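**Q** I'd like to ask some things about the structure below.
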Amino acid sequence: MKLTHTPPPSTTETPESLYYPTAVTYYARIRLIVNLLPLLQKAPHLRRVVTVFGGTKEGPLCTADLSGRSTTAATATSTAAQLHLRAHTASMTTLALESLAFEAPDVTFVHSFPGLVRTNLARDVRAASAMGLVKAVFKVVGPIVTVPVAEAGERQLFLATSGRFPARSVYGVDPAVTAGVGCRDGVGVARGSDARVGSGVYSVNCDGEPQAEKVEEAVQRLRDQDLVRRLWLHTVAEFVRVTGSEFV
Amino acid sequence: MVNLEQMRASNARIRECLPPGLVAVFAGGTSGIGETTMKQFAKHTVQPRIYFVGRSERAAARITAELTALNPTGKYRFIRADLSLLQNVDEVCREIKAREGLINLLFLTPGTMMTGKGTPYGSLFPLTHIRYQTESILELQ
Chain A
1 MKLTHTPPPS
11 TTETPESLYY
21 PTAVTYYARI
31 RLIVNLLPLL
41 QKAPHLRRVV
51 TVFGGTKEGP
61 LCTADLSGRS
71 TTAATATSTA
81 AQLHLRAHTA
91 SMTTLALESL
101 AFEAPDVTFV
111 HSFPGLVRTN
121 LARDVRAASA
131 MGLVKAVFKV
141 VGPIVTVPVA
151 EAGERQLFLA
161 TSGRFPARSV
171 YGVDPAVTAG
181 VGCRDGVGVA
191 RGSDARVGSG
201 VYSVNCDGEP
211 QAEKVEEAVQ
221 RLRDQDLVRR
231 LWLHTVAEFV
241 RVTGSEFV
Chain B
1001 MVNLEQMRAS
1011 NARIRECLPP
1021 GLVAVFAGGT
1031 SGIGETTMKQ
1041 FAKHTVQPRI
1051 YFVGRSERAA
1061 ARITAELTAL
1071 NPTGKYRFIR
1081 ADLSLLQNVD
1091 EVCREIKARE
1101 GLINLLFLTP
1111 GTMMTGKGTP
1121 YGSLFPLTHI
1131 RYQTESILEL
1141 Q
């Protein structure tokens, strides 16, 4: 048995000095998008990025510490701290996608929420603290609607292929072609993260439904603080610090 | 709000609306939401070329077999990498760029986790040290 690259349990720092939770849910993902964006822009069909994390769950950003470390300073098992980190990282994600859409308006960027997925895998999670924590989280989250694993995949496939989520604009390409499977049966184009229909950046839950008005307003307040740009500069600075390049 | 039947109806039309040979990259495709979506993608497309990135060779072998059974016309390539390191992310991207000139879909799920056994556990944000414990257990399999 070999534990490759997995940091020891006592630390939440990666060897590249990133905070592990945001390293895998934010920095790595944005790096993947930035690196592969030119290939997406060459596709004659679809051109879609879906990042499954916290669509519609955006919240306050810890602007003094964008890495997210400060949000869980209290304790990693604190439910409130975990939800705070999720809201922070969800906001980072959506705002970063908005930056990317400036650069590539011919690509669709979807930030989705997977829903609460019920699995009946035989896998045994033998961390008692995990069960206690998860139960505590669900008390906070409220009534649970769970979806089976296969259905969760069907829902995300819809988000990945439906014309409900077109790109903002396409250069000389028939929009119908890159939008994917055309909308039908009363399904319409979705409201984007900035409240504009068809904006090319979408924050949606597993029902394909965009963010609530309250969340939309919270994210607008972040934009008003110039955080789209500040966050992008921070992200690129981290990329350069770690790898020496803005992209490969 | 889109109901499940509408989603399924849309998914059923992927084959007629999108061409064969779609190229998709699933980062985090060896478990959870990534895995289940990847399988749905394979099921609904013609001759897909799927790259999936994760840490577990063993899971990858199982998943490749399952994908091939779901859609024998597809090509499935596993890239083993720990995406918590940006240097690994870059290596993965170099490999994909060496093989493909375009990508239709990039689907990202690293860091999300599904746990549990018949109880309503969700794809929650990774809970740091708990994640290490479960990942360690999973790597032992």
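In order, the protein sequences belong to chains A and B. Each residue of the first sequence is one higher than the one before, starting from 1 at the first, in our numbering. Each residue of the second sequence is one higher than the one before, starting from 1001 at the first, in our numbering. Glycine is no exception: its CB is placed at the ideal position from the N, C-alpha and C atoms. Given the structure is predicted, the values throughout are model-derived calculations rather than measurements.
Helix or strand or just coil, what does DSSP make of residue 42 (chain A)?
**A** Coil at residue 42 (chain A), not helix or strand.
**Q** CA-CA distance, residue 1089 (chain B) and residue 1082 (chain B)?
**A** C-alpha separation (whole angstroms): 8 Å.
**Q** In terms of residues, what are the limits of the beta strand (DSSP E) holding residue 108 (chain A)?
**A** Unbroken beta strand (DSSP E) run through residue 108 (chain A): 108 to 112.
**Q** Taking the C-alpha atoms as reference points, what is the distance between residue 1079 (chain B) and residue 1095 (chain B)?
**A** Distance between the alpha carbons of residue 1079 (chain B) and residue 1095 (chain B) is about 9 Å.
**Q** Against chain A, with Cβ distances strictly below 8 Å, would residue 1066 (chain B) count as a contact?
**A** Chain A contact via Cβ: absent.
**Q** Could you list which residues in chain B have their beta carbon closer than 7 Å to that of residue 162 (chain A), in chain order?
**A** Per Cβ cutoff of 7 Å: 1010.
**Q** Would you please state the rounded distance, in angstroms, between the beta carbons of residue 20 (chain A) and residue 1086 (chain B)? I believe it to be under 8 Å.
**A** Wrong, their Cβ atoms sit about 13 Å apart, outside the cutoff.
**Q** Beta carbons nearer than 7 Å to chain B: which residues of the segment 190 to 217 of chain A have them?
**A** For the segment 190 to 217 of chain A, which is checked against every Cβ of chain B, the residues closer than 7 Å are 207, 208, 209.
**Q** Looking at chain A, which residues of the segment 1016 to 1039 of chain B have a Cβ within less than 9 Å of any of its Cβ atoms?
**A** Listed by position, the residues of the segment 1016 to 1039 of chain B near chain A (Cβ gap below 9 Å) are 1016, 1017, 1018, 1019, 1022, 1023, 1024, 1025, 1027, 1028, 1032, 1033, 1034, 1035, 1036, 1037, 1038, 1039.
**Q** Is there a Cβ of chain A sitting closer than 8 Å to that of residue 1014 (chain B), yes or no?
**A** Taking Cβ atoms only, chain A reaches closer than 8 Å to residue 1014 (chain B), which makes this a yes.
**Q** Give a yes or no on whether the minimum CB-CB distance between residue 102 (chain A) and chain B is below 8 Å.
**A** It does not; no Cβ of chain B falls within 8 Å.
**Q** Need the endpoints of the alpha helix (DSSP H) that residue 83 (chain A) sits in, please.
**A** 79 to 103 is the span of the alpha helix (DSSP H), which, as asked, contains residue 83 (chain A).
**Q** Tell me whether the beta-carbon of residue 202 (chain A) lies closer than 8 Å to the beta-carbon of residue 218 (chain A).
**A** Cβ distance not < 8 Å, so residue 202 (chain A) and residue 218 (chain A) don't count as in contact.
**Q** Would a C-beta distance cut-off of 8 Å place residue 1023 (chain B) and residue 1091 (chain B) closer than the cut-off?
**A** No; because the gap between Cβ atoms is not below 8 Å, this pair is not in contact.
**Q** Applying the 10 Å Cβ sphere with the 16-neighbour rule, what's the burial state of residue 144 (chain A)?
**A** Low confidence applies to residue 144 (chain A): its pLDDT is 48, below 50, so where it sits in the model is not reliable, and the reading given next is rough at best. Per the 10 Å Cβ criterion, exposed.
**Q** Closer than 9 Å between beta carbons: that is the criterion. Which residues of the segment 231 to 248 of chain A meet it against chain B?
**A** Of all residues in the segment 231 to 248 of chain A, 238, 239, 242, 243, 245, 247, 248 have a Cβ within less than 9 Å of some Cβ in chain B.
**Q** Tell me whether the segment 224 to 233 of chain A and the segment 1066 to 1076 of chain B touch, counting them as touching only if at least three CB pairs, one residue from each stretch, are closer than 8 Å.
**A** No, they do not touch.
**Q** Nearest-angstrom Cα distance between residue 1050 (chain B) and residue 64 (chain A)?
**A** Each residue's Cα considered, the two are about 40 Å apart.
**Q** Are the C-beta of residue 1056 (chain B) and some C-beta of chain A separated by less than 8 Å?
**A** Judged by the 8 Å Cβ criterion, residue 1056 (chain B) is not in contact with chain A.
**Q** Quick check on residue 1015 (chain B): does DSSP put it in helix, strand or coil?
**A** The answer is helix: DSSP assigns residue 1015 (chain B) an H, G or I state.
**Q** Going by C-alpha distance, which of A:179, A:246, A:91, A:114 is nearest residue 146 (chain A)?
**A** Cα-wise, what sits closest to residue 146 (chain A) is A:114.
**Q** Listing by chain order, which chain A residues have their CB less than 9 Å from the CB of residue 1079 (chain B)?
**A** Under the 9 Å cutoff, chain A gives no residues; its nearest Cβ is about 12 Å from residue 1079 (chain B).
**Q** Based on the DSSP output, what are the partners of residue 1080 (chain B) in its beta bridges?
**A** DSSP, once it has assigned bridges, lists B:1054 as partnering residue 1080 (chain B).
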